[in-house]
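As given, the protein sequences belong to chains A and B, one line each in that order.
When you read off a place in the first sequence, starting at 1, and then add 196, the result is the number in my numbering.
When you read off a place in the second sequence, starting at 1, and then add 247, the result is the number in my numbering.
Idealized CB from N, CA, C, for every residue including glycine.
Quick caveat, the model's predicted, so the values are computed rather than measured.
To start, the structure itself, in structure tokens.
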Amino acid sequence: MIPSLPRPAWLRGATALYVAAFLAFLFLPLVIVSVFAFNNAPYPAPPWQGFTLDWFFGNDASGRVGLFQDGELLGSIWTSCVVAVWVTLLSVLAGFANALLIERCEFRGKQALSVMMLVPLVIPGVILGISILSFASQIAQFAQDHLHLDLRMLRPGLPLVVLGQFSYIATIATLTLRARLSRFDRTLEEAAQNLGASRAAVLRTILLPYMRPALIGSAAIAFLMSFADFNTTLMLVGGRAPLTVLMYGRMHEGATPVLNAVSLFLMIGSALLALAMLRGRAPRR
Amino acid sequence: MNGAAAGSRRQALLRQGLLMAPALLWLGLLIVLPHVELAVLSLREQVGPRHYVPSLAQYRTFFAEPEYWHVFLRTAWMSAAATLITLLIAFPIAWVIAKIARGRAATLLFLACLIPFWISETVRTLGWMILLRQSGVLPALLVKLGITAAPIEMLYHDSTIMVGLVYTSMLFMIVPLVSSLESLDNSLIEAAYDLGAGGFAVLRRIVIPHAAPGITAGCIVVFMLTLGNYITPTLLGGKNSGWFTEQIYTQFITRFNWEQGAAFGFLLLALSTAMVVIGLRLAGQRFGDVMGSR
Numbered sequence: 197m198i199p200s201l202p203r204p205a206w207l208r209g210a211t212a213l214y215v216a217a218f219l220a221f222l223f224l225p226l227v228i229v230s231v232f233a234f235n236n237a238p239y240p241a242p243p244w245q246g247f248t249l250d251w252f253f254g255n256d257a258s259g260r261v262g263l264f265q266d267g268e269l270l271g272s273i274w275t276s277c278v279v280a281v282w283v284t285l286l287s288v289l290a291g292f293a294n295a296l297l298i299e300r301c302e303f304r305g306k307q308a309l310s311v312m313m314l315v316p317l318v319i320p321g322v323i324l325g326i327s328i329l330s331f332a333s334q335i336a337q338f339a340q341d342h343l344h345l346d347l348r349m350l351r352p353g354l355p356l357v358v359l360g361q362f363s364y365i366a367t368i369a370t371l372t373l374r375a376r377l378s379r380f381d382r383t384l385e386e387a388a389q390n391l392g393a394s395r396a397a398v399l400r401t402i403l404l405p406y407m408r409p410a411l412i413g414s415a416a417i418a419f420l421m422s423f424a425d426f427n428t429t430l431m432l433v434g435g436r437a438p439l440t441v442l443m444y445g446r447m448h449e450g451a452t453p454v455l456n457a458v459s460l461f462l463m464i465g466s467a468l469l470a471l472a473m474l475r476g477r478a479p480r481r
Numbered sequence: 248m249n250g251a252a253a254g255s256r257r258q259a260l261l262r263q264g265l266l267m268a269p270a271l272l273w274l275g276l277l278i279v280l281p282h283v284e285l286a287v288l289s290l291r292e293q294v295g296p297r298h299y300v301p302s303l304a305q306y307r308t309f310f311a312e313p314e315y316w317h318v319f320l321r322t323a324w325m326s327a328a329a330t331l332i333t334l335l336i337a338f339p340i341a342w343v344i345a346k347i348a349r350g351r352a353a354t355l356l357f358l359a360c361l362i363p364f365w366i367s368e369t370v371r372t373l374g375w376m377i378l379l380r381q382s383g384v385l386p387a388l389l390v391k392l393g394i395t396a397a398p399i400e401m402l403y404h405d406s407t408i409m410v411g412l413v414y415t416s417m418l419f420m421i422v423p424l425v426s427s428l429e430s431l432d433n434s435l436i437e438a439a440y441d442l443g444a445g446g447f448a449v450l451r452r453i454v455i456p457h458a459a460p461g462i463t464a465g466c467i468v469v470f471m472l473t474l475g476n477y478i479t480p481t482l483l484g485g486k487n488s489g490w491f492t493e494q495i496y497t498q499f500i501t502r503f504n505w506e507q508g509a510a511f512g513f514l515l516l517a518l519s520t521a522m523v524v525i526g527l528r529l530a531g532q533r534f535g536d537v538m539g540s541r
């Protein structure tokens, strides 16, 4: 019941307890992952054997390969970053064009197109992955058979991973940018044009500053979603594995706490990005 | 004058064409054509080296092999159960955020619900593995508390998979629930209360009808994501987790039987689409409204 109505004491107590239990459920796995990044033991398991930074800085001398010495892990973080930058760039650009198209233009089939833009969100990621994989290799096969071209970029690898992730992250960027653009007061642009501003000047001085928070927000979301993507990536990955795929493989084998260290690293990274985004969103004084 | 008008019209058309190009390339080359290709793959059969004929053999295999459709049904049923459990756990929390907590407390609670989902699912699953495996934290705790004599294996059960699925899905349920509950006018609840309605009647006759779009949106997204999940069932359920996405992976990547994998993919897509359509029908909602509101 709502606060304006009488609520018995037991109900208040039960609500507080429920919220506390829920928060514990949410944060327990994350706290556990972080804590065991510092455990002085070869496996991330109890009992607690003392504090160590080996899983971050360990090298051959200590017999433990820490995060900052693990070339494979560092390489996969870099791979994930490169993929995420491309996905972010493509998604935000396409999302902005889509938002302008749907909010500003009138044409036949607009309704259908705007519904079609939502469809990637309800296709399971694994299926996006296999459909793009089979389409790309069909084209590559065709090019090889008929044009004698070896289109390496259509074979499983990073370019396909970027396209696969972009195929659904573009929807999310479009939704974020459309929401902001639909609340834009167009008389501002008309006023500027009446005062003699060129189209480019209007775009630069009015529309882009207005869209800034949504552009930053959608870029941050696109980056994080790309970094975290697993399903689509798994189907399209070639030789160089991004972080999630590498971590998955190692978790199957029963890994050392170096995975906890990299996880903690990711958590801090995500938190910083989220903070930066909230700052970017806050109204400027 | 006329020439200038025609010129600006042409310019407007050009601008519209340029704006449309990304959408058409994206949806055409990455969504529509790949799915056509997948459909074609699933409807053919290899009869010789690089020689294929149209056939329904892939789908026949699926129904002929109990192993395949058992896993399919199991995935569907566990996803439905996970969706329902997520809804039941998330609803009170969404209620607290939208109706009970005020100002800063509500914002903080909402943020707290979002934070875990900024972090990749792999990390969260690693946390559950450390908590639940035989040498993990919870079994050790149970021994220490004297509840079990020896550490028990808490991984690799169906209930473990369920915990992981519900955990991963929570955000996608809470966000639409909160936004639909926030728009519910408190005076309606007060009026019902003044007229003598109990908590249950208010819930059934006012809250649920009002929140139906949010409930539908949450359930559709959670069901779809659960159905398509890969990490959680395979890591928490172990080698024989029996999840359908794993079968698709096996056919496509391990066995390189793309025709069979494509048919499996389409079956999963059909199930997921059917659930979206049924969900929308039940709630009397339109796809664009439900998905666009997020």
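Start and end of the alpha helix (DSSP H) containing residue 494 of chain B?
491 to 496
Member of B:415, B:355 and B:257 whose CA lies at the smallest distance from the CA of residue 472 of chain B:
B:415
Is it right to say residue 480 of chain A is buried, meaning 16 or more other beta carbons lie within 10 angstroms of its own, or is it exposed?
Note that residue 480 of chain A has pLDDT 42, beneath the 50 cutoff, so the model's placement of it is unreliable and no number is given.
Counting only beta-carbon atoms, is residue 391 of chain B nearer than 7 angstroms to chain A?
no
Neighbouring residues, chain A, relative to residue 507 of chain B (Cβ below 7 angstroms):
Neighbours of residue 507 of chain B on chain A: none; closest Cβ ~11 angstroms, over 7 angstroms.
Excluding the 5 residues flanking residue 431 of chain B on each side, which residues of the same chain have their C-beta closer than 6 angstroms to its C-beta?
457
Flag residue 435 of chain B as yes when its Cβ comes closer than 6 angstroms to any non-hydrogen atom of the ligand NAD, and as no otherwise.
Of the ligands one can find in the structure shown there are none, so the ligand NAD has no counterpart to examine.
Using a Cβ cut-off of 9 angstroms, which residues of the stretch 414 to 433 of chain B contact any Cβ in chain A, in chain order?
414, 417 and 433
Just confirm the distance between the C-beta atoms of residue 323 of chain A and residue 516 of chain B, as a whole number of angstroms; I'd bet it's less than 8 angstroms.
5 angstroms
What's the gap between the Cα of residue 354 of chain A and the Cα of residue 214 of chain A?
44 angstroms
Roughly how many whole angstroms lie between the Cα atoms of residue 231 of chain A and residue 241 of chain A?
10 angstroms
In three-state DSSP terms, what is residue 261 of chain A?
coil
Specify, as a first and last residue, the run of the beta strand (DSSP E) that residue 292 of chain B falls within.
291 to 295
Buried/exposed call for residue 263 of chain A, threshold 16 Cβ in 10 Å:
buried
When the cut-off is 7 angstroms and only beta carbons count, does residue 247 of chain A lie next to chain B?
no
Listed from N- to C-terminal order along the chain, which residues in the stretch 483 to 506 of chain B have their beta-carbon within a distance smaller than 8 angstroms of any beta-carbon of chain A?
492, 495, 496, 499, 500 and 505
Would you decide whether residue 365 of chain B is buried or exposed? Buried here means 16 or more other CB atoms lie within 10 Å of its CB.
buried
Could you give the distance in angstroms between the alpha-carbon of residue 367 of chain B and the alpha-carbon of residue 387 of chain A?
46 angstroms
Coarse secondary structure for residue 504 of chain B, derived from DSSP in three states:
coil
What does a CB cutoff of less than 7 angstroms around residue 412 of chain B pick up in its chain, not counting 5 residues either side in sequence?
329, 473, 476 and 479
With DSSP as the reference, identify every bridge partner of residue 298 of chain B, one or two as the case may be.
B:295
Compare the C-alpha of residue 511 of chain B against each of B:302, B:271, B:306 and B:266 and name the closest.
B:306
Mind checking whether residue 530 of chain B and residue 424 of chain B have CB atoms under 7 angstroms apart?
no
Could you list which residues in chain A have their beta carbon closer than 9 angstroms to that of residue 298 of chain B, in chain order?
The contacting residues do not exist; residue 298 of chain B stays about 14 angstroms from chain A at best.
Specify whether the stretch 360 to 369 of chain A and the stretch 435 to 451 of chain A touch according to this definition: at least 3 beta carbon pairs, one from each stretch, less than 8 angstroms apart.
no
Per DSSP, what kind of secondary structure is residue 433 of chain B in: helix, strand or coil?
helix
Compare the Cα-Cα distances from residue 263 of chain B to each of A:199, A:420, A:405 and A:304 and report the closest residue.
A:304
When you compare the CB positions of residue 489 of chain B and residue 321 of chain B, do they come within less than 7 angstroms of one another, or not?
yes
Minimum C-alpha distance to residue 404 of chain B - residue among B:261, B:310, B:325 and B:418:
B:325
Helix, strand or coil for residue 235 of chain A, going by three-state DSSP, please let me know.
strand
Output, in chain order, the set of chain D residues within a Cβ distance shorter than 8 angstroms of residue 270 of chain B.
Absent from the structure is chain D; the protein chains it does hold are A and B.
For residue 457 of chain A, which residues from the same chain have a beta carbon less than 6 angstroms from its beta carbon, with the 5 sequence-adjacent residues on both sides left out?
233, 251, 252 and 263
Inter-residue CB distance, residue 356 of chain B and residue 348 of chain B (contact presumed, cutoff 8 angstroms):
6 angstroms
With three or more beta-carbon pairs closer than 8 angstroms as the criterion, would you say the stretch 283 to 291 of chain A touches the stretch 365 to 378 of chain A?
yes
Does the distance from the CB of residue 428 of chain A to the CB of residue 321 of chain A come in under 7 angstroms?
yes
What are the boundary residues of the alpha helix (DSSP H) that includes residue 312 of chain A?
306 to 312
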